[in-house]
Amino acid sequence: MGFDLFDFFINNPLTNALLLLYGLLGRNFVLAILVLTVIIKLITLPLTFRQQVSSMKMAAMQPKIKELQEKYKSEPQKLMEEQRKLGFSPLSGCLPLLIQFPVLIGLYNAITRSLAVTPMSLLDLGKHVYSFLPNISSLMPIDSKFLIWDLGQPDTAYLIPFLPIGIIPILVILTTYLSNRLMTPPSTDPQSAQMNQTMQWMMPIMFGMFMFTAPVGLGFYWLVSNLMGVGQYYLLKPRIDHAKRQYALPNAGGTAAVSNSVVKSKSAATPAPPAPLPKSKGRGAPSIELSKPKDKDKNKK
Amino acid sequence: MKKFRGSVIALAASALVLSACSGGEPAPGGFPGVIVSDTHAYLASNFALYKVSLDNVTEVWRFGAGKNPAQPDVSFAGQPVRLGGAIVVGGGIGTSMIDNHVYGVSDETGLELWRFRGSAESREYVDGVSTDGKLIFAPNGDGNLYALDPSQLTSINEDGVERKTPRLAWTFAATNKLWSRPAVADGRLYQASMDHKLYALDAATGRLLWTFDKATAPIGVRPAIAGGMVYFGAFDNTFYALDAATGALKWRTVLDAWLWSDPIVDRGVVYSADVRGKVHALKADTGQALWWLETRNAVRAQPVISGDTLYVVSLDTLVYAIDLTNVRPAADGRIEYKDVTRKWKDEVNLGRRMTSTPVLSGPNLWVPLFDGDVKLQSLDLGNGARKLAFPIKK
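Each protein sequence line maps, in turn, to chains A and B.
Using my numbering, you'd call the opening residue of the first sequence number 1 and step up by one each time.
Using my numbering, you'd call the opening residue of the second sequence number 302 and step up by one each time.
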């Protein structure tokens, strides 16, 4: 058998963890998805937070970076030096995301593998179950029935009879939109903000379209994942709001009209180093909306 | 214009992603199956059942099904059977739909003679169908084994079209999916089920004779019947031998991984293979492990024997020819392929995954391929040289 690093470190542990949970949780596959997603989201919570804060920092630096790019157009070496001095690292926002991404793909693979809708996927599953875990094979085949759904099949529980749009794809669209809206880092660049805004409705539609033909089990995973994302946002909100204040960013996830004053403002262009984070973890802590007219005026001055 | 630039880019990206999901013939959902007569091969692969001339691999006819006859979208899977003047094949799992019909197709013309649908809840036929020469035994993903009598056809109206359907002789209901064909011998039928059980039934009436329920995981193989014994492997990594008359356990041997390859018995040795790529040889009377050979990926197809050579096809895209007269295992039972192949210089790499049992015909081994443009490849049994490939490249 060939050795596959991604299988060994990501796919196989997640597949077996999912099956183990399925066995422990009374052979309820949706519950197993829910619990595993919660566990993964909790483990990756610090990374999510770092990524959010880092993205905001990079967004706040954009005007200054543009200035530097203009200034050192013909001196790329100098430009890099200046950017480094400023603490600009385009990868710092992506890195935590890049670490989380394989886990998300692994979870997706674990679900499709475990449901084993086709003979080929069952064959694939057989290659990856741990033989040292007792009774994992005895859990096969997965009970794919959940309420009115067959988790291995596309959703045919239509909202409106004769209109083939299932309940789960609709919920996936709504929660993806909500999650994207909250989680998208704000942008001070009008073009990026416009792009973010477009992606906020484009992504849910794309996922929704995919869900029309994908197994319902995957739909449940996206649903749980999105809701967890929303929950995570509110859990981290006090800290994110604090970071926003530090970097003088608008509050809405990339959709707020970004005023030129913010883009041009000196305070935004050269952010002060972040102050220590508030110790209070009280939810819904009031945030300072810098994009409000009053604040904009202040920035102009 | 600048305002819409983001939208345009996003739309273009979406179109690119979506277009990547289409185009070309999609990979099949089920395993292909092939049988041969003296002159023709009958191949169930993806969206068609093909009749192919063995002389020159030309297509005699192809049968497709679906709502739109011009664009057949029904996926066929598993092994077909020949009964009377009909080729019988089951509908399988396609890319976007499951077909729950069994079709009888005229051997002469390739046109539909009849079709059968168990119920609205019926599902796929993963491994095809079996026959005892009178009835067709069709194991379905809904857990039902349907016994059809194609000698008695009646008319039905399906989707507004008048069609013929065979008489349903009997039905046996297991408690989970049936993803393997039954073995039929001496008026008995042995059906494995994903409900972890193996059932013995009277082939004529469907009466349950005995049930073996000691396996702790699904059973997905067609058992081998030899010398009054029933041999099969299960997903609990265990190989079982039962008394065919009573279902009593004679022996069991624990191996390394799920066993999903139909076993074969030859000269007192049982050959099987597992999903981690090991081919196992066990003594048929005691279950004692004799030797094992490791391939590089899962083996799901049944090994086949011609003379003293055991042929194995694997998901690793290789075909192995093991000279059984030359096997000298190491202390742990392992054999190295280079030591046990004399006829073939090396493994033959067909470059495509293989999941289905190859068939022997004269000096050729016909191998169905799981994916790719070539659906059926013939090899010279003597030296492994590639001979004919279907469909012929234009």
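Every residue, glycine too, gets a C-beta built ideally from N, C-alpha and C.
C-beta neighbour in chain B for residue i, strict 7 Å
i, result
"A:S179", "no"
"A:L147", "no"
"A:M211", "no"
"A:S137", "yes"
"A:K127", "yes"
"A:M140", "yes"
"A:T118", "yes"
"A:L31", "no"
"A:T15", "no"
"A:L104", "no"
"A:L107", "no"
"A:G254", "Note on A:G254: pLDDT 43, under 50, position unreliable in the model; the coordinate value appears next. Answer no: the Cβ-Cβ gap between A:G254 and chain B never drops below 7 Å."
"A:L123", "yes"
"A:L19", "no"
"A:K279", "Because the pLDDT at A:K279 is just 42, under 50, the model does not fix this residue reliably, and the point stays unresolved."
Proximity test, Cβ basis, 7 Å: residue i and chain A
i, result
"B:L689", "no"
"B:W559", "yes"
"B:A520", "Going by the sequence as given, residue 520 of chain B is Ile instead of Ala. Closer than 7 Å: no."
"B:G325", "Low confidence applies here, because B:G325 scores a pLDDT of 44, under 50, leaving its location unreliable; read the following figure in that light. Answer no: the Cβ-Cβ gap between B:G325 and chain A never drops below 7 Å."
"B:D537", "yes"
"B:M495", "yes"
"B:I526", "no"
"B:S315", "Note that B:S315 scores a pLDDT of 48, beneath 50, so its modelled location is shaky; the value from the coordinates is reported in the next line. For B:S315, the answer is yes, since a Cβ of chain A falls inside 7 Å of its Cβ."
"B:I457", "no"
"B:F540", "no"
"B:F513", "no"
Host alpha helix (DSSP H) of residue i (start-end)
i, result
"B:P451", "Here B:P451 belongs to no alpha helix (DSSP H); instead the beta strand (DSSP E) covers N445 to E459."
"A:S55", "L45 to K71"
"A:R181", "I167 to M183"
"A:T198", "P190 to T213"
"A:N16", "N12 to L24"
"B:V641", "Y638 to V641"
"A:L123", "P119 to H128"
"A:Q77", "P76 to L86"
Whole-number beta carbon distance between residue j and residue i, since they are thought to touch under 8 Å
i, j, result
"A:N11", "A:G106", "5 Å"
"A:Y233", "A:M183", "6 Å"
"B:A549", "B:S562", "Not confirmed; about 24 Å, so no contact."
"B:D433", "B:V485", "5 Å"
"B:K551", "B:G569", "About 14 Å; that fails the 8 Å criterion."
"B:R601", "B:D617", "12 Å between Cβ atoms; not a contact."
Proximity of residue i and residue j at Cβ, strictly below 7 Å
i, j, result
"B:N445", "B:T472", "yes"
"B:A345", "B:L355", "no"
"B:K696", "B:W415", "Shown here, chain B extends from 302 to 695; a query on residue 696 of chain B therefore has no answer."
"B:S481", "B:A470", "no"
"B:R653", "B:N627", "no"
"B:G331", "B:G393", "yes"
"B:A535", "B:A518", "yes"
"A:F207", "A:V30", "no"
"B:D640", "B:I606", "no"
"B:V427", "B:A439", "no"
"A:H128", "A:T48", "no"
"A:T44", "A:Q100", "yes"
"B:Y621", "B:V571", "no"
"B:A525", "B:P467", "no"
"B:W559", "A:G126", "yes"
"B:Y491", "B:A501", "yes"
"B:V389", "B:I437", "yes"
"B:G385", "B:P373", "no"
"A:D150", "A:R27", "no"
"A:I173", "A:P215", "no"
Extent of the continuous beta strand (DSSP E) run through residue i
i, result
"B:L689", "R687 to F691"
"B:Q678", "L677 to D681"
"B:Q603", "That residue, B:Q603, is in no beta strand (DSSP E); it is neither H nor E in DSSP."
"B:K573", "Checking the sequence shown, residue 573 of chain B turns out to be Ser, not Lys. Start and end: V570 to A574."
"B:Q380", "F377 to L384"
Any chain D beta carbon closer than 7 Å to residue i
i, result
"B:A599", "The structure shown contains no chain D; its protein chains are A and B."
Report task. Pair every Cβ in the segment 534-541 of chain B with every Cβ in the segment 500-512 of chain B, then say whether three or more of these pairs are closer than 8 Å. Result -> no
Query raised in the report: Would you call the segment 628-636 of chain B and the segment 588-602 of chain B touching, i.e. three or more CB-CB distances under 8 Å?
Result: yes
Report task. May I ask you to verify whether the segment 221-232 of chain A touches the segment 154-166 of chain A, counting CB pairs closer than 8 Å and requiring at least 3? Result -> no
Query raised in the report: Does the segment 163-179 of chain A come close enough to the segment 139-155 of chain A that 3 or more CB-CB pairs lie under 8 Å?
Result: yes
Query raised in the report: Using 8 Å as the Cβ pair cut-off and three pairs as the minimum, do the segment 32-43 of chain A and the segment 225-235 of chain A touch?
Result: yes
Requested in this report: Tell me, please, whether the segment 572-583 of chain B touches the segment 607-615 of chain B by the rule of three or more beta-carbon pairs shorter than 8 Å.
Outcome: yes
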